[in-house]
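Participant: Using our numbering, you'd call the opening residue of the sequence shown number 2 and step up by one each time.
C-beta atoms are modelled at their ideal positions from N, C-alpha and C, and glycine is treated no differently.
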Amino acid sequence: MSDSTHLKGASDGWQSAQKGDSPRLIGRTKGGLNSKLHAVFDGAGRPVIFLLTEGQMSDHKGAALIYPVLPDAETLIANKGYDSDTFREALAGRGIALCIPQQAKRRLPAMYCKTLYR
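1. To the nearest angstrom, report how far apart ALA111 and ARG89 are at their CA atoms.
2. Near SER5, which residues of its chain fall below 7 angstroms by C-beta distance, leaving aside the five closest residues on each side in sequence?
3. Which same chain residues, not among the five before or five after THR76, have their C-beta less than 8 angstroms away from its C-beta?
4. Enumerate, from N- to C-terminal direction, the unbroken alpha helix (DSSP H) stretches of 4 or more residues contained entirely within the stretch 47–89.
5. Kindly list the residues whose CB is nearer than 6 angstroms to the CB of ASP60, restricted to its own chain and excluding five residues on each side of it in sequence; keep chain order.
6. Expressed to the nearest angstrom, what Euclidean distance is found between the alpha-carbon atoms of ALA93 and ASN35?
7. Measuring alpha carbon to alpha carbon, tell me which residue in ALA64, LEU26, ARG95 and PRO69 is nearest SER85.
8. Let me know the secondary structure DSSP gives GLY94 once reduced to three states.
9. Compute the distance between the beta-carbons of LEU38 and LEU53, then report whether it is under 8 angstroms.
10. Just how far apart, CA to CA, sit GLY46 and LEU26?
11. Does LEU38 come out as helix, strand or coil in the three-state DSSP assignment?
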């Protein structure tokens, strides 16, 4: 490793990057310090996309970050944290069928296939 990425000074002779150099993606939640892993898998169960976010970031924001790089698909299965009209409309516009349970406080009901979701 070059001296430009690590600085001398720690007990092992190296010091990590300075505070603020890169995001740590650890956020404070009710349970303490946390992170979230948003993952997209293909139909064979192979990982396609991984996104690490702070624990307090909503799944809606994670979905917005993943959406531009989503591969073409017939169906998207997600948990109710991803249930938003914006995300549903964006996916429908790309011709992707949805299987997302609705959140409890949803005003307009959204249908999904319970068998597929299982």
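Facilitator: In this structure, then:
1. 10 angstroms
2. Only weak support exists for where SER5 lies, its pLDDT of 46 falling under 50; the coordinates are left without a value.
3. ILE97, ALA98, LEU99, CYS100 and LEU117
4. 60–67
5. GLY82 and TYR83
6. 32 angstroms
7. ALA64
8. helix
9. yes
10. 26 angstroms
11. strand
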